[in-house]
Each structure stands twice: as structure tokens, then as C-alpha cells.
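First up is the structure itself, then whatever we jot down about it.
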Ligand SMILES: [Zn+2]
């Protein structure tokens, strides 16, 4: 696929490097503090109510928070879109939903390769070919689940990566089988990476209840025991006490007041982000009362950590062939997709200038012949990085170039 398309050294996801927030960045081109899907969990600090990843998919006003995902924007500009299992699919945005969708049932097994193949066939055959859709996003939940359970360097994880690799082949084969390959652009990337959780007697774990002076009685609401991050809302008048108690309490624990979060993380300026943010160095988890987290692999770490950076591949008539490009942030995938679909993007934090060189031409996208004329090769990647990043795939999305036929913009 790299020989026939574009390969990036790696891409940088937004912080916080977890599923729903990073996917919504792919769909909107906005940093997490700007699109507001700040965590996989939905929560209400007044009622103490929480919803885990799956149930949070159905809370419309959590997702419909001012930023429109690309499906809705494309539909408003006359295109037809679909989405299969992609985070954010179940929600309604400004009274609109993605036109064709498949949302997984509760307790769905995201790891069944037979299901993956059936889903690819559904997207290619029923959606693109029969229903003439212009854009589809498609999500596969591996090797995320296996990486959590067994760790990123495990044989189980390698098997899951091979399953993803076979599926990428199946996607491309299906595009040919349904006679779509000449006018289908395919982008495959992931939402985040995976790091090995450090364990054993030499590792000083982060357990908030063991920090001298820290008391849960000072806290009104806390989101903790969720990988390497915790969000805290202290009770009134307790912010300074809680902050000063935690700051410097553990060498691998970073403690920030919301307004002091490093600007490069873009995880500060949203009312849903709680007043104190804790994050741990790569490999460390943040526990509340007891060390209850058993995963051997985890994500959610600083997006500068190389283990958090996913791969990026793109192939199709509008992409260069055999082109290796340097890293870029995933906020820039959205303007690239809008350009290829021929739609006007919403306000976003990315820029087409960052990814324009991936394309065969920045002008006329409707002449597939041009794709055979360009085959620049730019070597920027180091193989070790690419391998490390590639094994962290958990998402695929596919999308289709806009067709040459004119469409109504009404
Ligand atoms: Zn995960």
C-alpha cells in the first residue's frame, strides 16, 4: 500500500490520547478543547452520574457541542455519507445524523475478523456501489483491545496487527472487486498508540489515597482509575490545598491547574475540563484508592510520547504514489478530506497546507489520469519508528473522492 500511495512517518493525535476525543478530532479537525468531547466517559459533576464509552455514544448533547463532524457538513453540501462503528456515529448533530449508519450493539466483540470482512463488503457493496455514497468512515477496534490486555509487545498483539494487516488487504481487494478502486480514495490511520504499563517491585505506583495530606473528602468530583489521567473538581475553597498536596508528590505525576496546562496540549480551554488535571509519564497509571487497573498496555499519555503516535497511509487516484512524508498532526486530516470531497470545511484547527503535498495535484481532483504522472519519493521515515507506530492501529476510515458529476448545493 505504501508503494502505491502515501505513507507518513507517523501522525500526532491530539491530547487526551483516548478513543472518543481523538476520533472526534479526525471528524472535525479541531483540538479537543475546541470540540468538547473531552473524555470517553460522559459525566455530570452535580449528580455524580457517569456513562462509560459505549453509553456515552448516545448522549447527543455531549457530541453535539458546536463542532460539526464531516458527515453532516458533507450532507449539507449535497453529498451522501455513511459510518460504521466509528465513534460519534450514534449521535444527532443539530437535528441531523449521518444518513447511513451501523452502530454496534452493547457488549459488541470488536475483534471478530469475519465480522470485519462482512462490514467491509457491506460498505463497498451496499453503501458505495448500490447506494452511491460519497464518504464512509469505518472503525475496527483492534489491536486496541488485545494491546490493553496483553501489552503492545506481546505475541497476541502481533497477531492482532496481522489481522488488521489482512483486513487492509481485504479492503483494497474489495474496492477492486466492486469496481471502485479507480475512484475511491482510502485513508487508514488510528486514534492513538499503546504503551507498556510498568509493573513490578521497582515501580513506584501512583495511588492518590497514599499521598500524604490528600483526602477524597476535599473533592467534589473525580474521574480517576482510567489509565494515566485524572480530572478533579475540588470542593469550594479546597482547590489550592488539593493542588499543593498533589504537586510534586510523585516523580512521574504531572499536576496542573486547568489554566496552567501546557498550551501545546490544547487541553485547557473548555468548560467540561475540570479545574485540576493530573497526567502520568509514559508507562504509569493514576489510581484512586487502590491499584485496580490490570491492563498491560495503556494509552492516554502525552501526545509527544512516540508510543502514542499512530501510522497514516493513504491510497487512491488523488494520492501520490510511493510517497513518504514527515509527521503531521491529525487535526490536518479533516481539511484534507474536505478538499478531496470538494466541500467547504467548517472552522477547524488544521490546514490543507500541511497535507496538500500528499496529493497528485492541488487543483483538478477529477482527472484520475493525473495520478499516474507523479511518483515522487521523499524519504523521511526511520523504520523503527514506523514499526512501533504501525502496531498501534485501532481505526480505519475510508472515504471516497467526490465525483465528477455536478451536484446541487441547495
Ligand atoms: Zn484503548
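Residue numbers (this note's numbering): 1 to 410. Glycine included, every Cβ here is placed at the ideal spot set by N, Cα and C. These figures come from a predicted structure and were not determined experimentally.
- Message: Taking the beta strand (DSSP E) that residue 226 belongs to, which residues open and close that run?
- Response: For the purposes of this step, residue 226 is taken as the residue at position 226 of the chain shown. Counting along the chain, the beta strand (DSSP E) containing residue 226 begins and ends at 219-226.
- Query: Cβ-heavy atom distance between residue 144 and ligand 1 below 7 Å?
  - Reply: If you number the chain shown from 1, residue 144 lands on position 144. Taken from the Cβ of residue 144, at least one heavy atom of ligand 1 lies inside 7 Å.
- Looking at residue 164 and residue 84, is the spacing between their C-beta atoms short of 8 Å? Mapped onto the chain shown, residue 84 falls at position 84. Mapped onto the chain shown, residue 164 falls at position 164. Result no, Cβ atoms of residue 84 and residue 164 do not sit closer than 8 Å.
- Message: Assuming residue 101 is part of the beta strand (DSSP E), what are its boundary residues?
- Response: If you number the chain shown from 1, residue 101 lands on position 101. Per DSSP, residue 101 belongs to the beta strand (DSSP E) from 100-102.
- Going by Cα to Cα distance, which pick from 266, 148, 282 is closest to residue 295? Residue numbering aside, residue 295 sits at position 295 when the chain shown is read from its first letter. When each option's Cα is compared against that of residue 295, the closest is 148.
- Item | residue 330 - DSSP class collapsed to helix/strand/coil | Stepping through the chain shown from its first residue, residue 330 is reached at position 330. The answer is helix: DSSP assigns residue 330 an H, G or I state.
- Item | residue 289 classed as buried or exposed, judged by whether at least 16 other C-beta atoms fall within 10 angstroms | Within the chain shown, numbered from 1, the residue matching residue 289 stands at position 289. With fewer than 16 Cβ atoms within 10 Å of its Cβ, residue 289 is classed as exposed.
- Contact set for residue 350: own chain, Cβ-Cβ below 6 Å, skip 5 residues either direction: Counting from one through the chain shown, the residue named residue 350 turns up at place 350. Non-local C-beta neighbours of residue 350 in its own chain, meaning closer than 6 Å and more than five positions away in sequence, comprise 29, 331, 332, 334, 335, ordered along the chain.
- So does residue 23 have its beta carbon nearer than 7 Å to some heavy atom of ligand 1? Counted from its first residue, the chain shown places residue 23 at position 23. No, the Cβ of residue 23 stays beyond 7 Å of every heavy atom of ligand 1.
- Item | Run of the beta strand (DSSP E) containing residue 8, from where it starts to where it stops | By 1-based counting over the chain shown, the position of residue 8 is 8. Looking at the DSSP string, the run of the beta strand (DSSP E) that includes residue 8 is 6-8.
- Message: Give me the DSSP bridge partner(s) of residue 43.
- Response: Position 43 of the chain shown, counting from 1, holds the residue named residue 43. Paired residue(s): 50.
- Taking buried to mean at least 16 other C-beta atoms within 10 Å of its own C-beta, is residue 59 buried or exposed? Looking up residue 59 in the chain shown gives position 59. Around the beta carbon of residue 59, fewer than 16 other beta carbons lie within 10 angstroms, which makes this residue exposed.
- Item | residue 40 versus 230, 324, 307, residue with shortest Cα-Cα distance | Counting from one through the chain shown, the residue named residue 40 turns up at place 40. Comparing Cα positions, the closest option is 230.
- Task: Would you be able to state if there are at least three C-beta pairs under 8 Å between the region 315-328 and the region 246-255?
- Result: The region 246-255 vs the region 315-328: no contact.
- Message: Between which two residues does the beta strand (DSSP E) holding residue 18 run?
- Response: Residue mapping note: residue 18 aligns to position 18 of the chain shown, counting from 1. For residue 18, no beta strand (DSSP E) run applies, since DSSP gives it neither H nor E.
- Message: Just to confirm before moving on: does the CB-CB distance between residue 93 and residue 133 stay below 8 Å?
- Response: Walking along the chain shown from the start, residue 93 turns up at place 93. Walking along the chain shown from the start, residue 133 turns up at place 133. No, these two residues do not count as a Cβ contact at 8 Å.
- Exposed or buried, residue 10, counting other C-beta atoms within 10 Å across all chains shown (16 or more means buried)? Residue 10 sits at position 10 when you count from the first residue of the chain shown. The residue is buried, with at least 16 neighbouring Cβ atoms inside 10 Å.
- Per DSSP, which residues does residue 312 bridge with? Please list them. The residue you call residue 312 lines up with position 312 of the chain shown. 8, 189.
- Taking the C-alpha atoms as reference points, what is the distance between residue 202 and residue 228? Walking along the chain shown from the start, residue 202 turns up at place 202. Walking along the chain shown from the start, residue 228 turns up at place 228. The straight-line gap from Cα to Cα measures roughly 18 Å.
- Query: Can you tell me whether residue 307 is buried or exposed, with buried defined as 16 or more other CB within 10 angstroms of its CB?
  - Reply: As a working mapping, residue 307 is identified with position 307 in the chain shown. Residue 307 should be labelled buried.
- Roughly how many angstroms lie between the CA atoms of residue 286 and residue 280, to the nearest whole one? Translated into the one-based positions of the chain shown, residue 286 becomes position 286. Translated into the one-based positions of the chain shown, residue 280 becomes position 280. If you take the alpha carbons of residue 286 and residue 280, they lie about 7 Å apart.
- Task: State whether the region 264-283 contacts the region 177-194, with contact taken as three or more CB pairs (one from each stretch) at a distance under 8 Å.
- Result: no
- Item | residue 266 Cβ short of 7 Å to ligand 1 heavy atom set | Here residue 266 corresponds to residue number 266 of the chain shown, with the count starting at 1. Because no heavy atom of ligand 1 lies under 7 Å away, the Cβ of residue 266 does not count as near it: no.
- Task: Report yes if the C-beta of residue 250 is less than 7 Å from at least one heavy atom of ligand 1; otherwise report no.
- Result: In the chain shown, residue 250 corresponds to position 250, counting from 1. No, the Cβ of residue 250 stays beyond 7 Å of every heavy atom of ligand 1.
- Paired residues, beta bridge with residue 234 - DSSP: On the chain shown, residue 234 is found 234 positions in, with the first residue counted as 1. For residue 234, which the question treats as bridged, DSSP gives the partners 219.
- Item | Cβ neighbours of residue 251 in the same chain (closer than 8 Å, five flanking residues each side left out) | Walking along the chain shown from the start, residue 251 turns up at place 251. When the five nearest sequence neighbours on each side are left out, the beta carbons in the same chain lying within less than 8 Å of the beta carbon of residue 251 are those of 204, in order along the chain.
- Item | Residues bridged to residue 169 [DSSP beta-bridge criterion] | In the chain shown, the residue the question calls residue 169 occupies position 169. Note: residue 169 sits in no beta bridge, so no partner.
- Indicate the three-state DSSP secondary structure (helix, strand or coil) for residue 3 in the structure shown. One-based indexing of the chain shown puts residue 3 at position 3. In the structure shown, residue 3 sits in coil (DSSP, three-state: anything other than H, G, I, E or B).
- Task: Count the other CB atoms, across all protein chains shown, that sit within 10 Å of the CB of residue 185; report buried if there are 16 or more and exposed otherwise.
- Result: To locate residue 185, count along the chain shown from 1; it is residue 185. Buried, because 16 or more other Cβ atoms sit within 10 Å of the Cβ of residue 185.
- Task: Report yes if the C-beta distance between residue 218 and residue 238 is below 8 Å; otherwise report no.
- Result: As a first step, residue 218 must be located in the chain shown, where it is residue number 218. As a first step, residue 238 must be located in the chain shown, where it is residue number 238. A contact, by the Cβ cut-off of 8 Å.
- With 16 other CB atoms within 10 Å as the buried threshold, where does residue 64 fall? Mapped onto the chain shown, residue 64 falls at position 64. With 16 or more Cβ atoms within 10 Å of its Cβ, residue 64 is classed as buried.
- Just how far apart, CA to CA, sit residue 265 and residue 355? By 1-based counting over the chain shown, the position of residue 265 is 265. By 1-based counting over the chain shown, the position of residue 355 is 355. Looking at the two C-alpha atoms, the distance is approximately 21 Å.
- Query: Residue range of the alpha helix (DSSP H) that residue 243 falls in?
  - Reply: The residue labelled residue 243 in the question sits at position 243 within the chain shown. Its alpha helix (DSSP H) spans residues 239-246.
- Message: Using a 10 Å radius around the Cβ and a threshold of 16 neighbouring Cβ atoms, would you call residue 212 buried or exposed?
- Response: As a first step, residue 212 is located in the chain shown; it is residue number 212 there, counting from the start. Per the 10 Å Cβ criterion, exposed.
- Message: Are there any heavy atoms of ligand 1 lying less than 7 Å away from the beta-carbon of residue 229, as far as the coordinates show?
- Response: As a position in the chain shown, residue 229 is number 229, starting the count at 1. It does not: the Cβ of residue 229 is nowhere closer than 7 Å to a heavy atom of ligand 1.
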